[in-house]
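Asker:
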Amino acid sequence: MSELIKLSAAELGRRLAAKEVSAVEVATAHLDRIEAVEGKVHAFLHVDREGALEAARAADARLAKGEAAGPLDGVPIGVKDVITTRGVPTTAGSKILEGWRPPYDATITTRLREAGLVMVGKTNMDEFAMGSSTEYSAYGPTYNPWDTTRIPGGSGGGSAAAVAAYEAPLAIGTDTGGSIRQPAAVTGTVGAKPTYGGTSRYGLIAFSSSLDTPGPCARTVEDAALLHAVIGGHDPRDSTSIPQPVPDVVAAARLGATGDLSGVRLGLVKEFAGEGAEPGVAAAYRESIDALVKLGAEVVEVSCPSFKFALPAYYLIAPSECSSNLARFDGVRYGLRTGDNGKHSLEEVMSLTRDAGFGPEVKRRIILGTYALSAGYYDAYYGQAQKVRTLITRDFTAAFEAADVLVAPTTPFVAFPLGSRTSDPYQMYLADLYTIPSNLYGGPAISVPAGLSEGLPVGLQIMAPTMADDRMYRVAAALESALPPLTPPAL
Ligand code: GLN
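See below:
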């Protein structure tokens, strides 16, 4: 096994720029690792060996001339399969898009290419990003590198597992209700949800448009910040993109790594202080707060009484938006078409295609969302949920008067055994109890490793006000500097 796969993206970038190693060598080391462990992990739906080597050769040509495209030029990356990549299969984990090769790149993909990153493949995910375990992928689950009998989180389990298993130092995830942070927590990695609108949704296959947020997955806070800086910033192709530069997240991560948090006020969310969390998770949470206090942070307790309504509000808003967004998968425009044999009407072909192409969780959400939006029920369900969303935003605004960042566990429990929650949707939904509020509000949030519980990783979540993404990186990097690094057992 090559030592290269254990290096951070920042370190790989430095060695590449210094020509101590070539991008082709770095890409080959990761592609070989993928080949060696994918039978156990299944983090990828598609590995693009040829495309990666071609991109690596182009990086080497730039680096040879001393014309690096940025600090991550030549560094490998995995991209969640919900982001379009021109000519490279993109399925969103669904049978309905099997074999679809997008004719265009998402803005995220374009920015990765322009920064010289080398895409090694597309990562596994719950179908259309709906789920918390990657067990709802139509192509089989991903396995947690810490214990392959357990889930890697979801919906972005493939991205988190790829990073944890040293298949790539970086990956792209998307977070609608927790799908970057929750997998990061249960795989001992770092995952950040930027401010909504801080990263472009152009070319991201839509689940819930008012919540969907692409962001970075990495093994270190600095790496996550470096990737965030590459993908973030205004995109005129996304009408909800914020026309302002991303705060200097890289500088903030480096400042945090010095281990000084004096003057920083941590708001402990009373309603989430261990409530509903497993004892081991609650203990790791308390220890990480103690570590932050030792670095000089000041602790204040804040109350966010509306957070308890976040989960039910989310499970009306997200299905409502998805029922509309997924209407485009009709057997006419993309991927799968079933029943087109001259014996069925157009409407029958659409319905046969959707029946064959969507899995049970996606169908459950479309039905729920269609119902919640229907005349006569709209005010009672969708309208109410939108009001709750306003209350949650008010809770955040009030809490940020007293505190610079809010902290809570990322998840109530560590990685659970495969199959243990698939028969009860509510048990699956509970995995996002702590992550959903910041999606409804729109502010940034990050999960950073916070120790182990019974040998499995726990994450601390740090939430910041909208457009103050730098603050969460500072606190996350400080915690990282104070705790011993987490290394998964050898696969
Ligand atoms: N687990 C949540 C859901 O199933 C969140 C998914 C996400 O963030 N994409 O909707």
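When you number the sequence shown by the numbering used here, it's gap-free, plus one each residue, and the end is 500.
We put the CB at the ideal spot given by N, CA and C, even for glycine.
Considering Ile43, what are the terminal residues of the alpha helix (DSSP H) in which it resides?
Answerer: Run containing Ile43: Ala32 to Val50, per the alpha helix (DSSP H) assignment.
Asker: Whole alpha helix (DSSP H) runs in the region 222–260 with 4 or more residues, listed along the chain?
Answerer: Listed in chain order, the complete alpha helix (DSSP H) runs (minimum 4 residues) inside the region 222–260 are 230–240.
Asker: Less than 8 Å between the C-beta atoms of Ala138 and Ser164, yes or no?
Answerer: Contact: yes.
Asker: Quick one: does the C-beta of Phe422 sit closer than 7 Å to a heavy atom of the ligand GLN?
Answerer: No.
Asker: Between Ser312 and Arg430, what straight-line distance do the alpha-carbon atoms span, to the nearest angstrom?
Answerer: Answer to the nearest angstrom: the Cα atoms are 30 Å apart.
Asker: Which word fits Glu59, buried or exposed, when buried means at least 16 other C-beta atoms lie within 10 angstroms of its C-beta?
Answerer: Looking at its Cβ environment, which holds fewer than 16 other Cβ atoms inside 10 Å, Glu59 is exposed.
Asker: Within the present structure, is the beta-carbon of Phe216 separated from the nearest heavy atom of the ligand GLN by less than 7 Å?
Answerer: Phe216: yes, Cβ under 7 Å from the ligand GLN.
Asker: Who are the near neighbours of Pro203 in its chain, counting only those whose CB is closer than 7 Å to its CB and skipping five residues on each side?
Answerer: Contacts found: Thr222, Gly224, His237, Gly241, Pro453 and Asp478.
Asker: Could you round the C-beta distance between Ala169 and Pro192 to whole angstroms and report it? I think they count as a contact, below 8 Å.
Answerer: Indeed, because the Cβ distance is near 3 Å, the residues count as touching under 8 Å.
Asker: Once DSSP output is grouped into helix, strand and coil, what is the label at Arg274?
Answerer: Residue state, collapsed to three classes: strand.
Asker: Check whether the Cβ atoms of Val199 and Ser17 lie closer than 8 Å to each other.
Answerer: The answer is no: Cβ separation not under 8 Å.
Asker: Mind checking Ser141: buried by the 16 CB within 10 Å criterion, or exposed?
Answerer: Ser141 comes out buried.
Asker: Which ranges would you report for the beta strand (DSSP E) in the region 284–350 if only whole runs of at least 3 residues count?
Answerer: Here the runs fully enclosed are 307–311.
Asker: Where Ile92 and Ile86 are concerned, what is the direct C-alpha to C-alpha distance, given to the nearest angstrom?
Answerer: Distance between the alpha carbons of Ile92 and Ile86 is about 13 Å.
Asker: Just to confirm the assignment, what range does the alpha helix (DSSP H) spanning Asp433 have?
Answerer: Looking at the DSSP string, Asp433 is not in any alpha helix (DSSP H), and its letter there is neither H nor E.
Asker: Between Glu330 and Ser218, which are expected to be in contact by the criterion C-beta below 8 Å, what is the C-beta distance as a whole number of angstroms?
Answerer: Contact holds; Cβ gap of about 6 Å.
Asker: Would DSSP call Met179 helix, strand or coil?
Answerer: Reading off the sequence, residue 179 comes out as Leu, not Met. Here Leu179 sits in strand by DSSP.
Asker: Cα separation between Pro150 and Gln436?
Answerer: Going by the C-alpha atoms only, they are around 18 Å apart.
Asker: With a threshold of 16 other CB atoms inside 10 Å of the CB of Gln253, please say whether the residue is buried or exposed.
Answerer: The residue in question, Gln253, is exposed, as its Cβ has fewer than 16 Cβ neighbours within 10 Å.
Asker: What three-state label does DSSP hand Ser168 in the structure shown?
Answerer: Here Ser168 sits in helix by DSSP.
Asker: At which residues does the beta strand (DSSP E) containing Leu72 begin and terminate?
Answerer: Leu72 -> not in any beta strand (DSSP E); alpha helix (DSSP H) instead, spanning Arg58 to Ala73.
Asker: Less than 8 Å between the beta carbons of Glu307 and Arg342, yes or no?
Answerer: Not in contact: Glu307 and Arg342 (Cβ atoms no closer than 8 Å).
Asker: Do Ser31 and Asp82 have their C-beta atoms within less than 8 Å of each other?
Answerer: No, Cβ-Cβ distance for Ser31 and Asp82 is not below 8 Å.
Asker: Candidates Thr99, Thr118, Val129 and His51: which alpha carbon is nearest Thr37's?
Answerer: Answer by Cα proximity: Val129.
Asker: Looking only at its own chain, which residues have a Cβ that is under 8 Å from the Cβ of Pro434, when we skip the five neighbours before and after it?
Answerer: Correct list, in chain order: Glu370 and Arg373.
Asker: What three-state label does DSSP hand Phe281 in the structure shown?
Answerer: Here Phe281 sits in helix by DSSP.
Asker: Which residue comes first and which comes last in the alpha helix (DSSP H) that contains Ser447?
Answerer: First-last of the alpha helix (DSSP H) with Ser447: Ile445 to Tyr450.
Asker: Taking 7 Å as the line, does the beta carbon of Met139 fall inside it for any heavy atom of the ligand GLN?
Answerer: Under cutoff, so the answer is yes.
Asker: Do Ala499 and Glu231 have their C-beta atoms closer together than 8 Å?
Answerer: No, the Cβ-Cβ distance between Ala499 and Glu231 is not below 8 Å.
Asker: Return the first residue and the last residue of the alpha helix (DSSP H) that Ile375 is part of.
Answerer: Segment Pro369 to Leu382, the alpha helix (DSSP H) holding Ile375.
Asker: Considering only the alpha carbon of each residue, which of Tyr175, Tyr145 and Glu29 lies closest to Lys49?
Answerer: Considering only alpha carbons, the answer is Tyr175.
Asker: Here's the rule I'm using: 16 or more other beta-carbon atoms within 10 Å means buried, otherwise exposed. How should Asn350 be labelled?
Answerer: Its Cβ having fewer than 16 others within 10 Å, Asn350 is exposed.
Asker: For Pro421, tell me which candidate among Gly385, Ser462, Ala124 and Ser447 has the shortest Cα-Cα distance.
Answerer: Checking every option, the nearest Cα to that of Pro421 belongs to Ser462.
Asker: Thinking just about the alpha-carbon of each residue, which of Leu465, Tyr211 and Leu495 is nearest to the one in Thr118?
Answerer: Here the closest residue by C-alpha is Tyr211.
Asker: Please return the same chain residues whose Cβ sits closer than 7 Å to the Cβ of Arg159, not counting the five positions on each side in sequence.
Answerer: The answer, listed in chain order, is Asn153, Ala424, Phe425, Pro426 and Leu427.
Asker: Could you round the C-beta distance between Asn133 and Ala215 to whole angstroms and report it? I think they count as a contact, below 8 Å.
Answerer: No, Asn133 and Ala215 are not in contact; Cβ-Cβ is about 19 Å, not under 8 Å.
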